[in-house]
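Data block below; observations after.
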Ligand SMILES: [Zn+2]
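Numbering (this note's numbering), first residue to last: 423 to 755.
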């Protein structure tokens, strides 16, 4: 994000009560168009539970009942058949079967969230647990602007090294702008700044040709649609969207504990950052959009690393910082 940092009373994330119908409609259509692409991690858990139920089936033992029916033979004395009396016993057994709780398993998978105009895929990498209620979801978005590369290392490190706590899940999206990444440009291949393209009240289509062009329409870009659909489905508790080069944790004020933990672990100050959106309108950024429309589900926070960071910082340190601040990290491995 190229924007003014901490200068003056910039209020970019002021809540407005007017709902942007255009943005909502676009987000909805994006979700329906792309919703199928993302496998729901809770599905395997449901399947597995249903398959375990048929296991306790002592059913065949109930069959001795027919042997009791031949007993009404002419001679009542010939009643050795009462041996069939234990029949009621097996009938009782199937009832109190306490289902063995399936052991939670770590699930690792990837999903294609969307494709770009140049045919590149936007990938999501998942880690979570089966047979567990996922209580906390973290999304790490490594890159939105193709010329800001450090977050790619964060994404890669988290994906390879972090095991979530039971009840937590982590989605890593290394880049939502693979075309820009390949070209080394801030914008996508169509020249759109993906962090000005979100369907909010502050969206503007002006500025074509500039580094911060919002695109022809709100949420016009495939990349924006794909990630918007994904976030609407997942409703993450925490979203860390990595940028450069200002060296700040951008304040939203929604979850000050999370912001403080991030800032401490990253060694960065917390600052308000505006993107030029007039006061009273919602910034057409990912974080502006999520916090405005899905904010009751969680917090989206922009992390601005400094312009030049080491691999150790962008990788391990930032990976530990983000997953620690979200409290989703069980242990390394
Ligand atoms: Zn950026």
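Each residue gets a CB set at the ideal place from its N, CA and C atoms; glycine is no exception.
Fair warning: this is a prediction, and the values are worked out from it, not measured in the lab.
Query, Result
"Considering only DSSP beta bridges, list what residue 585 is partnered with.", "753"
"According to the neighbour-count rule (16 or more other Cβ atoms, all chains shown, within 10 Å of its Cβ), is residue 536 buried or exposed?", "buried"
"So is residue 656 buried or exposed if we call it buried at 16+ other beta carbons inside 10 Å?", "buried"
"Quick one: measure Cβ to Cβ for residue 556 and residue 597, integer angstroms, because I've assumed they're closer than 8 Å.", "No, residue 556 and residue 597 are not in contact; Cβ-Cβ is about 24 Å, not under 8 Å."
"When we look at the beta-carbon of residue 747 and count the other beta-carbons within 10 Å, is it buried (16 or more) or exposed?", "buried"
"Taking a contact to mean a Cβ-Cβ separation below 8 Å, would you say residue 727 touches residue 572 in this structure?", "yes"
"Runs of 4 residues minimum, wholly inside the segment 519-599: which ones carry the alpha helix (DSSP H) assignment?", "572-583"
"So, does the segment 738-745 touch the segment 578-586, judging by three or more C-beta pairs under 8 Å?", "yes"
"Label residue 422 either buried or exposed according to how many other C-beta atoms from any shown protein chain fall within 10 Å of its C-beta, with 16 as the threshold for buried.", "Only positions 423 to 755 of the chain appear in this structure, which leaves residue 422 out of reach."
"For residue 620 and residue 583, I'd like the C-alpha separation in whole angstroms.", "31 Å"
"Considering only their Cβ atoms, is the gap separating residue 650 from residue 641 smaller than 8 Å?", "yes"
"What would DSSP say about residue 725, mapped onto helix, strand or coil?", "strand"
"Nearest to residue 547 by alpha carbon, out of 624, 709, 574, 569?", "574"
"Does the beta-carbon of residue 566, which I'm using as the reference point, lie nearer than 7 Å to any heavy atom of ligand 1?", "yes"
"Starting from the C-beta of residue 751, find all residues in its chain whose C-beta is less than 6 Å away, skip the five residues before and the five after it, and write them out in chain order.", "584, 745"
"How about the segment 673-686 and the segment 602-611: do they share at least three Cβ pairs that are nearer than 8 Å?", "no"
"Looking at C-alpha atoms only, which residue of 678, 670, 593, 521 is the closest neighbour of residue 725?", "670"
"State yes or no: is the C-beta of residue 617 nearer than 7 Å to some heavy atom of ligand 1?", "yes"
"Out of curiosity, what's the CA-to-CA distance linking residue 676 and residue 658?", "14 Å"
"Measuring straight from C-alpha to C-alpha, what distance separates residue 699 and residue 552?", "42 Å"
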